[in-house]
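Enquirer: Heads up: the sequence shown begins at 1 in this note's numbering, then just goes up one per residue. The beta-carbon is built from N, C-alpha and C at its ideal position, and this holds for glycine as well.
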Amino acid sequence: MSTELPEPAAPPPTGDGESSQAPTRRTFIATSTAVGGAVVAGGVIGGALLADPEAATAAESPPSSRVSLTVNGTRHTVTVDNRTSLLDLLREHLGLTGSKKGCNAGACGACTVLVDGQRHNACLTLAVRLEAAEVTTVEGLAEGDQLHPLQQAFIDQDAFQCGYCTPGQIVSGVGCIQEGHTGSPEEIREWMSGNICRCGCYVKIVRAVEQTAGRK
Ligand code: FES
Ligand code: FES
Numbered sequence: 001m002s003t004e005l006p007e008p009a010a011p012p013p014t015g016d017g018e019s020s021q022a023p024t025r026r027t028f029i030a031t032s033t034a035v036g037g038a039v040v041a042g043g044v045i046g047g048a049l050l051a052d053p054e055a056a057t058a059a060e061s062p063p064s065s066r067v068s069l070t071v072n073g074t075r076h077t078v079t080v081d082n083r084t085s086l087l088d089l090l091r092e093h094l095g096l097t098g099s100k101k102g103c104n105a106g107a108c109g110a111c112t113v114l115v116d117g118q119r120h121n122a123c124l125t126l127a128v129r130l131e132a133a134e135v136t137t138v139e140g141l142a143e144g145d146q147l148h149p150l151q152q153a154f155i156d157q158d159a160f161q162c163g164y165c166t167p168g169q170i171v172s173g174v175g176c177i178q179e180g181h182t183g184s185p186e187e188i189r190e191w192m193s194g195n196i197c198r199c200g201c202y203v204k205i206v207r208a209v210e211q212t213a214g215r216k
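See the structure below:
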């Protein structure tokens, strides 16, 4: 009779019949599928783009739209990148550089224009949303050589120094007067408060608006 002990049993299998260190069937299949899918997708898309250069160009180009709007009485139809602001449309596409880019973030008012008679920060307004809109910039205020009364008032009151904020101040002042917010210097200050003047000409700017509104 033999006295030898039997061989020790093999370690029990883990859930999937594999050791815990080795990749499981599940992780292997998931990894293979992801890698394979990426390779196949990359090959198909890349192949399609290589086969069709126009498709490749279209895929690279940002989405653009056509928009028709009237600026200072002139109708314009332009195709622009959907991200273009009204300020960039005016300055870069139409060559109207009167509206100034100060902060480009809605904080200074240097870019103020009238859209359908309302004051807007052109830097925060998407051009493609202005289909059929009527836009007035500082270039559209004068009648030929005849300055707008508020432009003349800015000269009379010496209401600027460097002049960078002035186009926005004047357009905003026109809006302020049209809205009837000129009952007192305090009211004018309040309704012009979105227009910053780094040269500090506020007292004279308020006087110019008062002069034009007929309060002086
Ligand atoms: Fe538009 Fe400053 S440039 S608010
Ligand atoms: Fe210089 Fe207003 S005049 S910022």
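I'd like to check one pair, Val-78 with Leu-89: are the Cβ atoms closer than 9 Å?
Expert: Contact flag set, yes.
Enquirer: Which residue's Cα is closest to the Cα of Cys-165: Ser-64, Ala-153, Cys-108 and Val-209?
Expert: Closest option to Cys-165, Cα to Cα, is Cys-108.
Enquirer: Assuming Glu-134 is part of the alpha helix (DSSP H), what are its boundary residues?
Expert: Taken as a continuous stretch (DSSP letters only), Glu-134 belongs to no alpha helix (DSSP H), being part of the beta strand (DSSP E) at 134 to 136.
Enquirer: Measure the beta-carbon distance from Ala-237 to Ala-208 and round it to whole angstroms, keeping in mind my assumption that it falls under 8 Å.
Expert: Nothing in the structure corresponds to residue 237, since the chain is present only between 1 and 216.
Enquirer: Name, in chain order, the residues that DSSP records as bridge partners for Val-80.
Expert: In the DSSP output, where bridge partners are listed per residue, Val-80 has Ser-65.
Enquirer: Is Leu-89 near ligand 1, judged by its Cβ being under 8 Å from some heavy atom?
Expert: Result no, Cβ not under 8 Å from ligand 1.
Enquirer: Is Pro-185 helix, strand or coil by DSSP?
Expert: Correct three-state label for Pro-185: helix.
Enquirer: Starting from the Cα of Arg-75, find the closest Cα among Glu-131, Gln-211 and Lys-100 and give me that residue.
Expert: Among Glu-131, Gln-211 and Lys-100, the Cα nearest to that of Arg-75 belongs to Glu-131.
Enquirer: Secondary structure at Ala-213, three-state DSSP: helix, strand or coil?
Expert: Three-state result, Ala-213: helix.
Enquirer: Are Val-138 and Val-115 touching if we call contact CB-CB under 9 Å?
Expert: No, the pair does not count as a contact, with Cβ atoms beyond the cut-off.
Enquirer: How close, in whole Å, do the beta carbons of Gln-169 and Cys-199 come, if the pair is a contact with beta carbons under 8 Å?
Expert: Incorrect: roughly 11 Å between the Cβ atoms, too far for contact.
Enquirer: Taking the DSSP output, what are the residues bridged to His-120?
Expert: Paired residue(s): Val-113.
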